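Colleague: My numbering runs 5 ahead of the 1-based position in the sequence shown. We put the beta carbon where it would ideally sit given N, CA and C, even for glycine. Note that the structure is a prediction, hence the values are computed from the model and not measured. Pasting a structure below so you can have a look.
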Amino acid sequence: LETTDRVKALATARNLFQQIKGKIAKNERLVSITTAELIQKHIERLNRTVTNVPHMGITPESLRLKEYYLRNWQDFVDHLGYTKITIDRIPKDNLREFGLWMLERPKKSGNMNTPRSAEQINNMVGEVLSMYNKTAKRNRLISADAIPDIDRVKESKDLGYKRDILNEEQYTKFWMFMEYTYSKGKKIDGNGNKVVDPLALRDKDELHKRLVFTKTIGILYNTGIRPGEFLKLKWSDITEPKTTTIENSTNNNVKITIRPEVAKTGVRRVIVVPVKKRFDVIKSCYKKMGIDVRPDDFILMNPAKNRQAYTRQNLYTRLQRVLKHSGLEQ
6 LETTDRVKAL ATARNLFQQI KGKIAKNERL VSITTAELIQ KHIERLNRTV
56 TNVPHMGITP ESLRLKEYYL RNWQDFVDHL GYTKITIDRI PKDNLREFGL
106 WMLERPKKSG NMNTPRSAEQ INNMVGEVLS MYNKTAKRNR LISADAIPDI
156 DRVKESKDLG YKRDILNEEQ YTKFWMFMEY TYSKGKKIDG NGNKVVDPLA
206 LRDKDELHKR LVFTKTIGIL YNTGIRPGEF LKLKWSDITE PKTTTIENST
256 NNNVKITIRP EVAKTGVRRV IVVPVKKRFD VIKSCYKKMG IDVRPDDFIL
306 MNPAKNRQAY TRQNLYTRLQ RVLKHSGLEQ
C-alpha cells in the first residue's frame with residue numbers, strides 16, 4: 006500500500022476493498038483503465054473493421070474522423086483534471102457538458118468567423134457513447150450505470166436541404182457561364198461585361214484545368230454520380246458499351262462502372278450515359294498539359310502530387326469560387 010503508517014494503510018485497504026467489492030457486485034472486471042487506455046482499445050477494435058468497401062466495416066476516412074472525435078474527448082477529460090483517473094472512478098455527472106465545452110472551444114482551423122457545427126458535435130457525443138457501450142461496457146470495464154450521461158447540443162430545426170440544389174434555369178445559367186466565360190479565361194464584371202480574369206493567368210495550365218472542371222460538372226449533373234464516387238473513378242472504369250447496330254456504335258454513350266469500394270452503398274453498379282465527348286475533352290486537356298493518361302489514373306488527378314486523386318475540398322473550393330463569379334452565389 007506504499008505507506009509505513011498503519012492507520013493510513015488500513016484506510017487505504019478498506020477503500021480498495023470497497024472498490025473491488027463494488028466491481029464484483031456490478032459484474033465488472035477488477036482491472037481499471039484510464040480514458041486514454043480506453044480510447045486506445047476502442048481504436049484498436051475499429052482498426053480491425055477497416056475496409057475500402059462501404060457497409061462492410063468502416064472506411065479509412067471514417068476511422069480518421071472517429072479518431073478526431075475521441076481526441077477531443079481526451080482533451081475534455083484532461084481539461085477536467087481526470088487524465089490519470091480510471092474511467093470507473095470519474096463522476097459521470099461531471100462529463101455531462103462535453104457538447105457545450107466543444108461548442109465554446111476556439112477553432113484551430115477552418116472559418117474562424119463561423120461557430121462549430123452542432124451536428125458534428127453531436128456526432129462526437131455519439132462516438133464517445135459508442136466507445137463506452139461497445140468497448141468499455143462489453144468488456145466489463147464499466148457498468149451500464151457508470152456510462153457518462155452527455156447532453157447533446159441543440160440543432161437547428163430547419164427541415165430544408167442542407168445543400169442548395171440548382172433548378173433547371175440556374176443550372177443552364179451556370180453551365181453557360183462555365184462553358185463560354187469561365188473556361189475561356191474570362192469573368193463578368195460589375196457592369197455585366199465579360200473581362201479577362203487575372204486568375205486564369207496564374208499558371209500555364211489554368212485554362213485546361215477550368216475546362217476539365219466544366220466537363221466534370223456536366224458529367225456529375227447528367228449521370229447522378231456522387232462527387233465522392235466520381236473522385237475515386239479511374240479511366241479503366243470508363244468503357245464503351247457493347248453495341249449491336251451501326252447506329253448505336255456511333256453514339257455518345259459510355260459505360261461507367263462504379264466499383265463496390267467506390268460506391269457509397271458498397272454495391273457495384275453500371276450506368277450507360279451519353280457523356281463520352283466530355284470524357285474525351287478531359288483526356289485531351291491532360292494531353293495538352295503534357296500528361297499521358299494511363300488506365301489506372303484517376304479521372305480527376307493531381308499530376309503535381311504523384312497523380313493522386315483530387316479531394317472533395319479541391320472540388321468544393323473551385324465550385325464555390327465559380328458559383329460566386331457566375332452570380333448565382335453572392
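Helix, strand or coil for residue 323? Go by DSSP, reduced to three states.
Modeller: Residue 323: helix per DSSP, three-state reduction.
Colleague: Check whether the stretch 44-56 touches the stretch 93-104, counting contact only when three or more Cβ pairs, one atom from each stretch, lie closer than 8 Å.
Modeller: no
Colleague: Quick check: what's the CA-CA separation for residue 117 versus residue 152?
Modeller: Taking the straight line joining both Cα atoms gives about 33 Å.
Colleague: At what residues does the beta strand (DSSP E) containing residue 262 begin and finish?
Modeller: 259-263
Colleague: Would you kindly report the start and end of the unbroken beta strand (DSSP E) that includes residue 222?
Modeller: No beta strand (DSSP E) contains residue 222, which is instead part of the alpha helix (DSSP H) from 211-228.
Colleague: When DSSP labels each residue in this structure, what does residue 69 get in the three-state scheme?
Modeller: helix
Colleague: Count the other C-beta atoms from every protein chain shown that fall within 10 angstroms of the C-beta of residue 242, then say buried if there are 16 or more, exposed otherwise.
Modeller: buried
Colleague: Could you check whether residue 136 and residue 121 sit closer than 8 Å to each other, using their CB atoms as the reference points?
Modeller: no
Colleague: Using only the alpha-carbon positions, how far apart do residue 249 and residue 174 sit?
Modeller: Confidence is the limiting factor: at residue 249 the pLDDT is only 48, short of 50, which leaves the residue's position unreliable and the question unanswerable from this model.
Colleague: Would you call residue 129 buried or exposed, if buried means 16 or more other Cβ atoms sit within 10 Å of its Cβ?
Modeller: Classification of residue 129: buried, given that the 10 Å Cβ count is 16 or more.
Colleague: If distances are taken between C-alpha atoms only, which option among 224, 258, 112 and 194 comes closest to residue 176?
Modeller: 224
Colleague: List the DSSP bridge partners of residue 91.
Modeller: 39
Colleague: Can residue 280 and residue 298 be called in contact, C-beta distance under 8 Å?
Modeller: no
Colleague: Any idea which residues DSSP pairs residue 20 with across the strands?
Modeller: Paired residues: none, contrary to the question.
Colleague: I'd like to check one pair, residue 179 with residue 331: are the Cβ atoms closer than 8 Å?
Modeller: It is a contact, given that the beta carbons lie within the stated cut-off.
Colleague: Using beta-carbon positions only, say whether residue 2 and residue 236 come within less than 8 Å of one another.
Modeller: This structure cannot speak to residue 2, because the chain is shown only from 6 to 335.
Colleague: Of all the options 142, 126 and 190, which has the alpha carbon lying nearest to the alpha carbon of residue 160?
Modeller: 126
Colleague: Between residue 13 and residue 42, what straight-line distance do the alpha-carbon atoms span, to the nearest angstrom?
Modeller: 29 Å
Colleague: Using the three-state DSSP reduction, which class does residue 140 fall into: helix, strand or coil?
Modeller: For residue 140, the three-state secondary structure derived from DSSP is helix.
Colleague: Shortest alpha-carbon distance to residue 154 belongs to which of 145, 144, 146 and 138?
Modeller: 138
Colleague: Does the separation of the CB atoms of residue 74 and residue 132 fall below 8 Å?
Modeller: Residue 74 is a Cβ neighbour of residue 132, given a cutoff of 8 Å.
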